[in-house]
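Participant:
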Amino acid sequence: MTGEPTSDGLDPLIHEIARLRICAALAATTAVEAQTLKAAAGISDSALSKHLRRLAEAGYISQTLGTSRGPGRPRTWVSLTDHGRTAYTQHLAALQRLTQAS
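Note that our numbering has the sequence shown beginning at 132, numbered continuously upward.
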């Protein structure tokens with residue numbers, strides 16, 4: 132899946148429910164800590180990693196390691212790229228068109 136929209140404008144990469152939840156959380160702000168995204172999407176660490184990797188490969192998100200506050204892993208901050216924000220907005224518009232077409 133490359134993130135190329137289908138003929139009706141839906142983006143199959145974003146359409147998967149966990150990735151849709153991740154994109155929705157990211158669209159509401161400039162950056163979100165990865166563990167917050169995990170909770171928002173209701174998924175495990177390994178599933179979050181896979182979804183973030185797919186979104187990053189498509190150029191939809193960027194990830195930045197923050198500084199660590201003591202022992203443990205540093206926090207990872209995730210943001211939508213301009214490309215990702217555009218793809219998400221277009222996906223939402225396609226969903227609206229589908230729900231209004233009756």
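The beta-carbon is built from N, C-alpha and C at its ideal position, and this holds for glycine as well.
All figures in this text were calculated on a predicted structure; none of them were measured in a lab.
Would you kindly check if the distance between the Cβ of Thr195 and the Cβ of Trp208 is under 8 Å?
Facilitator: yes
Participant: When you compare only the Cα positions, how much space is there between Val163 and Gln231?
Facilitator: Rounded to whole angstroms, the separation of the alpha carbons of Gln231 and Val163 is 31 Å.
Participant: Determine the DSSP secondary structure at Ile192, reduced to helix, strand or coil.
Facilitator: strand
Participant: In terms of alpha-carbon separation, which member of Tyr219, Gln227 and Arg228 lies closest to Pro143?
Facilitator: Tyr219
Participant: Leaving out five residues before and five after Ala149 in sequence, what residues of the same chain have Cβ atoms less than 6 Å from its Cβ?
Facilitator: Ala172, Ile174 and His182
Participant: Buried or exposed for Met132, going by 16 or more other Cβ atoms inside 10 Å?
Facilitator: With a pLDDT of 46 at Met132, under the threshold of 50, the modelled position of that residue is not reliable, and the figure given next carries that caveat. With fewer than 16 Cβ atoms within 10 Å of its Cβ, Met132 is classed as exposed.
Participant: Spell out the partners DSSP gives Glu147 in its beta bridges.
Facilitator: Per DSSP, none; premise fails for Glu147.
Participant: On the DSSP bridge list, what partners appear for Thr217?
Facilitator: In DSSP, Thr217 forms no bridge with anything.
Participant: Please say whether Leu179 and Ala165 have beta carbons closer to each other than 8 Å?
Facilitator: It is a contact, given that the beta carbons lie within the stated cut-off.
Participant: My output table needs one value for Ser180: the three-state DSSP class, helix, strand or coil.
Facilitator: In this structure, Ser180 counts as helix in the three-state DSSP scheme.
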